[in-house]
Amino acid sequence: MEYKWTVLTVTTVGVLMAGIDGRIVVIGLPQVAAALGADAEQAIWFTQSYVLGSTIALLFIGRVTDIFGRVKVYTFGFTVFTIGSALTSLSQAPDHVIVFRLVQGLGSAVLFTNSAALITDATPVNELGLSLGINQVAYRLGSMLGLTFSGLILTYLDWRALFYVNVPIGIFGTFWAHRRLKEIARLEWGAPMDWEGFAAFTVSITSFLLALTFAAYGGAEYSLVDSLIAVSIIALVAFTLRERRTKSPLLDLSLLRIREFTGGVVAQMLNAVSWGAVLLLLSIYLQLVRGLAPFQAGLALLPFDLSFLTVGPISGRLSDRFGHVPFTTTGLSLMSVSLYLLSLTDAFTPYLQIALDLLAFGAGIGLFSSPNISSIMGSVPPQRRGIASGFRATFFFIGFTLSFNLAILIMTLTVPYAVITAVITSFNSPAISEADKVLFTTALSRAYQWFAVLNTTAIIPSLLRGRRDAAATSRGVVVVPVE
């Protein structure tokens, strides 16, 4: 087997596991919260801590892979993710889940960051879109399995099975990565680590996410939110100054001079903000407003992944021949239309209408995702792809985290926070009143409308990213387009 296919199969196991875990939590959040007696904030942190762990580690892991090797770090990530999954399944209190989900997030960051870099190293430029497309499809396949398995697990087993299902897959993935992968990228052995920059970045992103969380869920006075935002800004300035001065930065700021790289990353972040919360909110709506069982709710969300599964590899392959712009622009436009159509959903909307909206939504992401990642990763020299991949993934996770926070903030402008809390934490409680159902769906509609507008703005940086000489990039020379 050619090594490019070996890399693709190994990394596919990693993204498959990540896909399963992500969708399992989407369906199982109300059940886990009810079983452990969690309040609304704790329930949100079951997801938030996972994303936070991933986000704070991403740039650090990108630098580590460039120094110590992508394969060693990738194998380590499999191990950490597996341990985090096992510990989460043994949790006895909400705080335990939050901490162990943070561990899971750290492991996930390693897998998420390294997959694209490993594939890019091993794959010819003219086949990169196809390989990344297949990898993305594997993630969506895992998502589909997560949606259906979670419903079955919650029907017949305890909620803990939602997390220990990752353990056998993780053990297999760790062993296979150790046996089959090899280092082919040029490494920077002996280069120093920028610990000061890492500390500043961690303080900045953690403070910012905490500020957004407290603002969205009413967990603190506004003075605390203001203080956290101030700390985040100061730490971000310190991080930027540090990265400009150090000889071994976590983030190579010179990459921002590459218009294709910067445009793709900004477009991806805006897109992530626009869709990160969509399926979780729909899951809550289907289970707690429409009264579907977890398995039924999982099946109801499948059109999204089926559509992506169909469109993703096609767009990746065609973008290798025709360029990324037609596919990224069409994909973002289709997503914006789909988000607007979802905003028309109320407590009595026929499921067929929701399914058609999800089909269009998945197709839009399928058209955008693979060509955009191919554009970002192909625009940087090979020896900087670890940092570039970490940068890309970091901003994706920041956007994904912002999505749910913004959704709740927007919803509270329409509906009292107490109503939203009552709906989200109402599993195993008396039925929600019809009035609260109407209020909740009205708030959902407002969130989807704002997401549609925000996603449309992502078209601008996507179009302005410029073009690159693919042959030059493959030789390690970055061509910065002339303005």
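Be aware that the sequence shown starts at -15, since it is given in the numbering used here, and climbs by one per residue. Just so you know, even glycine gets a beta-carbon here, dropped at the ideal spot from N, CA and C. The model shown is predicted, which means the values in this text are computed figures rather than measured ones.
Checklist entry - Hey, would you say Leu95 sits closer than 9 Å to Ala2, going by beta carbons? => result Yes.
Item to check | Pairwise C-alpha distance: Tyr140 and Asp304 | outcome: Cα to Cα, Asp304 sits roughly 45 Å from Tyr140.
Next on the checklist: Suppose the cutoff is 8 Å on Cβ atoms and the five residues either side in sequence are ignored; what does the same chain contact list for Val57 look like?
Outcome noted: The beta carbon of Val57 lies closer than 8 Å to those of Ile45, Val48, Thr49, Val94, Asn98 in the same chain, with the five residues before and after it left out.
Checklist entry - Within the 9 Å Cβ cut-off, does Leu270 reach chain D? => result Although the question refers to chain D, the structure presented lacks it and comprises just one protein chain.
Item to check | Selection from Asn110, Leu165, Val16 that minimises the alpha carbon distance to Pro78 | outcome: Comparing C-alpha distances from Pro78 to each of Asn110, Leu165, Val16 shows the shortest one belongs to Val16.
Next on the checklist: Taking the straight line between their C-alpha atoms, what separation do you get for Ala183 and Gly6?
Outcome noted: Going by the C-alpha atoms only, they are around 28 Å apart.
Checklist entry - Residue range of the alpha helix (DSSP H) that Pro233 falls in? => result Taken as a continuous stretch (DSSP letters only), Pro233 belongs to no alpha helix (DSSP H), as it is neither H nor E.
Next on the checklist: According to DSSP, simplified to helix, strand and coil, what is Leu442?
Outcome noted: The residue you asked about is not Leu; residue 442 is Ala in the sequence shown. Coil at Ala442, not helix or strand.
Checklist entry - DSSP three-state call for Val422: helix, strand or coil? => result Correct three-state label for Val422: helix.
Checklist entry - Once you ignore the five residues that flank Val399 on each side, which residues in its own chain have a CB closer than 8 Å to its CB? => result The answer, listed in chain order, is Leu423, Phe424, Thr426, Ala427.
Checklist entry - Going by C-alpha distance, which of Thr441, Leu326, Asp236 is nearest Tyr269? => result Answer by Cα proximity: Leu326.
Next on the checklist: Can you tell me whether Glu(-14) is buried or exposed? The criterion is at least 16 other CB atoms within 10 Å of its CB, across all chains shown.
Outcome noted: With fewer than 16 other CB atoms across the displayed protein chains lying within 10 angstroms of its CB, Glu(-14) is exposed.
Next on the checklist: Helix, strand or coil, according to DSSP, for Ser99 in the structure here?
Outcome noted: Ser99 falls in the helix class under three-state DSSP.
Checklist entry - Hey, how far is the Cα of Asp453 from the Cα of Ala100? => result Confidence in Asp453 is poor, its pLDDT being 45 and thus under 50, which makes the residue's placement too unreliable to answer from.
Next on the checklist: Pop quiz: Gly113 and Ser354 are said to be a contact at Cβ under 8 Å. What is the actual Cβ separation, rounded to whole angstroms?
Outcome noted: The C-beta distance from Gly113 to Ser354 rounds to 6 Å, short enough to meet the 8 Å contact threshold.
Checklist entry - Is Trp179 buried or exposed, if buried means 16 or more other CB atoms sit within 10 Å of its CB? => result Burial state of Trp179 is exposed, judged by a 10 Å Cβ sphere holding fewer than 16 other Cβ atoms.
Item to check | Met472 (DSSP reduced to helix, strand or coil) | outcome: As shown, the chain starts at -15 and ends at 467. That puts residue 472 outside it, with no answer to give.
Item to check | Thr(-4), enclosing alpha helix (DSSP H) - first and last residue | outcome: Secondary structure note for Thr(-4): its alpha helix (DSSP H) is the uninterrupted segment -13 to 20.
Next on the checklist: Let me check understanding here. Comparing Cα to Cα, which of Ala161, Gln433, His308, Val187 lies closest to Thr(-10)?
Outcome noted: For Thr(-10), the nearest C-alpha among the options comes from Ala161.
Next on the checklist: Using CA atoms only, rank isn't needed, just tell me which of Ala222, Phe288, Ala331 is closest to Gln271.
Outcome noted: The shortest Cα separation from Gln271 among Ala222, Phe288, Ala331 belongs to Ala331.
Item to check | Where the alpha helix (DSSP H) through Arg163 begins and ends | outcome: Boundaries of the alpha helix (DSSP H) around Arg163: 150 to 164.
Checklist entry - Quick one: what's got a C-beta closer than 7 Å to Ile103's C-beta in the same chain, skipping five residues either side? => result The beta carbon of Ile103 sits closer than 7 Å to those of Val(-9), Leu(-8), Thr(-5), Ser115, Leu116, Asn119, all from its chain and outside the five residues before and after it, given in chain order.
Checklist entry - When burial is assigned at 16 or more other CB atoms within 10 Å of the CB, is Asn150 buried or exposed? => result A buried status is given to Asn150, since no fewer than 16 other beta-carbon atoms sit within 10 Å of its beta-carbon.
Checklist entry - Do you know how far the Cα of Thr313 is from the Cα of Leu302? => result Cα to Cα, the separation comes out at about 14 Å.
Checklist entry - Since Ser358 and Ala344 are thought to touch, with beta carbons under 8 Å apart, how far apart are those beta carbons, to the nearest angstrom? => result Contact check for Ser358 and Ala344: beta-carbon distance about 23 Å, past the 8 Å limit, so the pair fails to qualify.
Next on the checklist: Just to confirm, is the Cβ distance from Val64 to Gly91 under 9 Å?
Outcome noted: With respect to the 9 Å criterion, Val64 and Gly91 are classified as neighbours on the basis of their beta carbons.
Checklist entry - So Val109 is in the alpha helix (DSSP H); what residue range does that whole segment cover? => result Boundaries cannot be given for Val109, as no alpha helix (DSSP H) includes it and DSSP labels it neither H nor E.
Item to check | Start and end residues, alpha helix (DSSP H) containing Gly260 | outcome: Note, Gly260: premise wrong, no alpha helix (DSSP H); not H, not E.
Item to check | Span separating the alpha-carbon of Glu467 from that of Gly247 | outcome: Since pLDDT at Glu467 reaches only 31, below the 50 mark, its modelled position is unreliable, and the value read off the structure follows with that caveat. Computed Cα separation, rounded: 13 Å.
Checklist entry - Which full runs of the alpha helix (DSSP H) of 4+ residues lie inside the region 11 to 86, going along the chain? => result Along the region 11 to 86, the alpha helix (DSSP H) occurs as fully enclosed runs of 4 or more residues at 24 to 52, 54 to 73, listed in sequence order.
Checklist entry - So, are the CB atoms of Ser211 and Ile189 less than 9 Å apart? => result Going by C-beta atoms, Ser211 is not nearer than 9 Å to Ile189.
Next on the checklist: Buried or exposed, going by whether 16 or more other CB atoms sit within 10 Å of the CB of Arg85?
Outcome noted: With 16 or more other Cβ atoms inside 10 Å of its own Cβ, Arg85 counts as buried.
Checklist entry - In chain order, what residues of the same chain have a beta carbon less than 7 Å from the beta carbon of Ala468, not counting five sequence neighbours either side? => result Outside the displayed range of the chain (-15 to 467) lies residue 468, so it cannot be described from this structure.
Checklist entry - Which residues bound the alpha helix (DSSP H) around Val295? => result For Val295, the enclosing alpha helix (DSSP H) covers residues 286 to 306.
Checklist entry - Quick one: does the C-beta of Ala41 sit closer than 8 Å to a heavy atom of the ligand ATP? => result The ligand ATP is not among the ligands present in this structure, which contains no ligands whatsoever.
Next on the checklist: In whole angstroms, give me the CA-to-CA distance for Val87 and Trp143.
Outcome noted: In this structure, the alpha-carbon of Val87 lies about 19 Å from that of Trp143.
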